[in-house]
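Going by the UniProt record's numbering, the first residue of the sequence shown is number 1, and it counts up by one from there. A short worksheet on the structure shown next.
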Amino acid sequence: MNIAVIGIGQIGGTIAQKLAQAGYNVSVANSKGVDGVRDFADKIGAKACDLDTVGVGADVLILSLPTPAIADLPKSLWQGLSPDCVVVDTANYYPEFRDKPIDEIDNGMAESVWVSSVVGRDVVKAFNMLLAHSLANLGKNPDRKDRLAMWVAGNDEPAKGRVMTLVEQCGFAPLDGGDLAGSWRQQPNSAGYCCDYTAHELRQSRANSTQTPTSVRQNRAYAIAELPNMTEGDFSHENVIRANRILNV
Ligand SMILES: NC(=O)c1ccc[n+]([C@@H]2O[C@H](COP(=O)([O-])OP(=O)(O)OC[C@H]3O[C@@H](n4cnc5c(N)ncnc54)[C@H](OP(=O)(O)O)[C@@H]3O)[C@@H](O)[C@H]2O)c1
Numbered sequence: 001m002n003i004a005v006i007g008i009g010q011i012g013g014t015i016a017q018k019l020a021q022a023g024y025n026v027s028v029a030n031s032k033g034v035d036g037v038r039d040f041a042d043k044i045g046a047k048a049c050d051l052d053t054v055g056v057g058a059d060v061l062i063l064s065l066p067t068p069a070i071a072d073l074p075k076s077l078w079q080g081l082s083p084d085c086v087v088v089d090t091a092n093y094y095p096e097f098r099d100k101p102i103d104e105i106d107n108g109m110a111e112s113v114w115v116s117s118v119v120g121r122d123v124v125k126a127f128n129m130l131l132a133h134s135l136a137n138l139g140k141n142p143d144r145k146d147r148l149a150m151w152v153a154g155n156d157e158p159a160k161g162r163v164m165t166l167v168e169q170c171g172f173a174p175l176d177g178g179d180l181a182g183s184w185r186q187q188p189n190s191a192g193y194c195c196d197y198t199a200h201e202l203r204q205s206r207a208n209s210t211q212t213p214t215s216v217r218q219n220r221a222y223a224i225a226e227l228p229n230m231t232e233g234d235f236s237h238e239n240v241i242r243a244n245r246i247l248n249v
């Protein structure tokens, strides 16, 4: 299977590396052209590309960049993509400290529904609800009961299944998160978001949650204000996870 990854930062870079190690043909690109990704590609055994060519021949295209930047990806990328290629959105929208405001999302549209609308393709939302440290370091074999899990949401079942296989290959338990419109349930500060939960714990947290799309957004604002106090300014992984488990219910 051919995998294309746009964005080789903490999330995209880790996914690209894990999938290359698992034996997939991986191509990578960012905004800096083929020379901007060559060193990284050589290091992980992937192919360095520019944005025009990275998707050519891809079975899966993983978008791992800030949400607003997805709208600016070149038309040539989408023109070169096979209709059968599955597009994955790993992004989380953080207007408070990174992203320019997106009115549709601010008015209640699920983040990945917006992404789907701007790229003109169906997308699968995955890899967005584990912190970079967890994704890189806490993957485990399927037989481990303490294996961490993540939701995978999308409208097309075979496409979702293809992505769930990749989640498995990266060392995590994929859980069917339902359709894309419902993917607000895995957005920042929804129940179980970035909590390092197992499949059982993640299902429980969703089942016990009374959140709505509006309350998830309100919870995000509350969490951003509270996190420094709750961690006493020590943003170690353990401290952040402890705070997230209190906040993201
Ligand atoms: N960090 C986490 O713990 C975490 C967890 C889950 C999900 N996420 C989400 O996953 C996405 C990636 O996060 P990250 O932490 O990996 O970010 P990151 O480390 O900042 O990496 C972002 C990558 O996107 C590339 N990029 C930015 N603008 C681009 C553009 N216009 N065209 C092409 N490439 C572009 C950057 O490369 P250049 O700028 O050099 O092009 C870089 O390789 C974000 O939406 C984030 O919210 C993050």
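Yeah, the Cβ is synthetic: ideal placement off N, Cα and C, and Gly gets one too.
- DSSP places Ala41 within a helical segment (H, G or I) once states are collapsed to three.
- Given a length threshold of 3 residues, each whole run of the beta strand (DSSP E) inside the stretch 173-223 is given here in chain order: 173-176.
- A contact between stretches requires three or more CB pairs, one per stretch, nearer than 8 angstroms, and the stretch 92-111 fails this requirement with the stretch 40-53.
- Residue pairing by DSSP puts Val28 in a beta bridge opposite Val5 and Ala48.
- In this chain, the beta strand (DSSP E) harbouring Ile62 covers Val60 to Leu63.
- Here Ala91 is near Val115, since their CB atoms are less than 8 angstroms apart.
- Collapsing the DSSP output to three states places Lys75 in a helix.
- When secondary structure is reduced to three states using DSSP, Met164 falls in the helix class.
- Per DSSP, the continuous beta strand (DSSP E) segment holding Val123 begins and ends at Val123 to Lys125.
- DSSP, read as helix, strand or coil, puts Ala153 in strand.
- Within the same chain, Cβ atoms closer than 8 angstroms to the Cβ of Gly120 are found at Trp78, the five residues on either side in sequence being excluded.
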